[in-house]
Amino acid sequence: DTLARAREVVARLRARCDSVSCRTEQIVRRAAGASPASAPGRPRVALIEWLDPPMAAGNWVPEMVALAGGTDVLGRRGDHSHWITWADVAAADPDVVALIPCGFTLDRVVAEAASPAVHPHLATLRATREGRLWAVDGHHLFNRPGPRLVESLEVLAEILHPGAFSFAATRRFARRIAAG
């Protein structure tokens, strides 16, 4: 029956989310050496939904950052995405930056990050210099509500906690951008 199959799918998706959240909380506790509320174990993250001019991701994305074990330094949980400046990104000094523009393929995100309008700003960020700048296919993952948000959470967890996860979606929809 269709309803039973739908409930089964939802239960599997919830189990995947719970698994990621549970594992990231364990990682955060170990890194912080204390409770999950301790900031040192949670990477500070900026998710950029548009590049020129920049826009901080909002809506459900900041909540996903928290579930993935990070702290969103620019997005506000429950608020819409909002315009920011590259100076705002630099001032926030995130540990990790993920570029997730709406409607862009992964290759297009990488190309836009290298553009003269964007690259000079990204090059100044500590996250870029330390190899924690990521291009992500936001069109397939973060930018639309639906079941794919579970894959978005998994990709985000792997980006924030390298070596702790290995999801096929990360290899397919995300790419580290090298400094330079």
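Quick note: the sequence shown, position 137, residue 129 per the numbering used here, numbers continuous. Built from N, CA and C at the ideal position, the CB exists for glycine as well. On a predicted model such as this, the values are computed, not experimentally measured, just so you know.
Using C-beta distances below 8 angstroms, list every residue in its chain close to ALA84, excluding the 5 sequence neighbours before and after it, in chain order. The residue labelled residue 84 in the question sits at position 92 within the sequence shown. Here ALA84 has ARG36, ALA38, VAL65 and LEU66 as same chain residues with Cβ atoms under 8 angstroms from its own Cβ, once five neighbours each way along the sequence are excluded.
Using only the alpha-carbon positions, how far apart do HIS113 and ASP129 sit? Translated into the one-based positions of the sequence shown, residue 113 becomes position 121. Translated into the one-based positions of the sequence shown, residue 129 becomes position 137. Approximately 20 angstroms, taken between the alpha carbons.
Please name the residue, chosen from ALA149, THR116, PRO86 and GLU0, that lies closest to MET56 on a Cα-to-Cα basis. Locating residue 56 in the sequence shown gives position 64, counting from the first residue. It is ALA149 whose Cα lies nearest to the Cα of MET56.
Quick check on this structure: which residue in LEU145, GLU17, ALA7 and PHE134 has the alpha carbon closest to the alpha carbon of THR97? Stepping through the sequence shown from its first residue, residue 97 is reached at position 105. Looking at LEU145, GLU17, ALA7 and PHE134, the one whose alpha-carbon comes closest to that of THR97 is PHE134.
Between which two residues does the beta strand (DSSP E) harbouring TRP175 extend? Within the shown structure, residues of the chain are numbered from -7 to 172, placing residue 175 beyond reach of any answer.
Can you check which of these residues, ILE169, VAL102, ALA119 and LEU145, is closest to ARG8 by C-alpha distance? Here the question's residue 8 lines up with position 16 in the sequence shown. Nearest C-alpha to ARG8: LEU145.
Report the CB separation of SER73 from ALA49 in whole angstroms; it is logged as a contact under 8 angstroms. Position 81 of the sequence shown, counted from the start, is the residue given in the question as residue 73. Position 57 of the sequence shown, counted from the start, is the residue given in the question as residue 49. Beta-carbon to beta-carbon, SER73 and ALA49 are separated by about 6 angstroms, close enough to satisfy the 8 angstroms threshold.
What three-state label does DSSP hand LEU133 in the structure shown? By 1-based counting over the sequence shown, the position of residue 133 is 141. Of the three classes helix, strand and coil, the one that applies to LEU133 here is coil, per DSSP.
Drop a sphere of 10 angstroms on the beta-carbon of SER30, count the other beta-carbons inside from all chains shown, and report buried for 16 or more, exposed for fewer. Start at 1 with the first residue of the sequence shown, and residue 30 comes out as number 38. Because the pLDDT of SER30 is 43, which lies under 50, any placement of that residue in the model is unreliable, and the number read from its coordinates should be weighed accordingly. So SER30 ends up on the exposed side.
In or out: ARG124 buried (at least 16 other Cβ within 10 Å) or exposed? For the purposes of this step, residue 124 is taken as the residue at position 132 of the sequence shown. Buried, by the Cβ-count rule.
Candidates GLU143, VAL88 and ALA160: closest to THR120 by CA position: The count along the sequence shown starts at 1 and reaches residue 120 at position 128. For the residues GLU143, VAL88 and ALA160, the minimum Cα distance to THR120 belongs to VAL88.
Own chain partners of GLY62 with C-beta closer than 6 angstroms, once the 5 adjacent residues on each side are dropped: One-based indexing of the sequence shown puts residue 62 at position 70. So the list reads ARG34, PRO35, VAL37 and LEU152, once near-sequence residues are dropped.
Between the Cα of THR162 and the Cα atoms of LEU59, VAL147 and ALA156, which residue gives the shortest distance? In the sequence shown, residue 162 corresponds to position 170, counting from 1. Selection LEU59, VAL147 and ALA156 evaluated against THR162 yields VAL147 as nearest (Cα-Cα).
Going by other Cβ atoms of all chains shown within 10 Å of its Cβ, with 16 needed for buried, is VAL1 buried or exposed? Taking the first residue of the sequence shown as 1, we reach residue 1 at position 9. It counts as exposed.
Tell me whether the beta-carbon of ALA105 lies closer than 8 angstroms to the beta-carbon of ALA82. The residue labelled residue 105 in the question sits at position 113 within the sequence shown. The residue labelled residue 82 in the question sits at position 90 within the sequence shown. No, they are not a contact pair.
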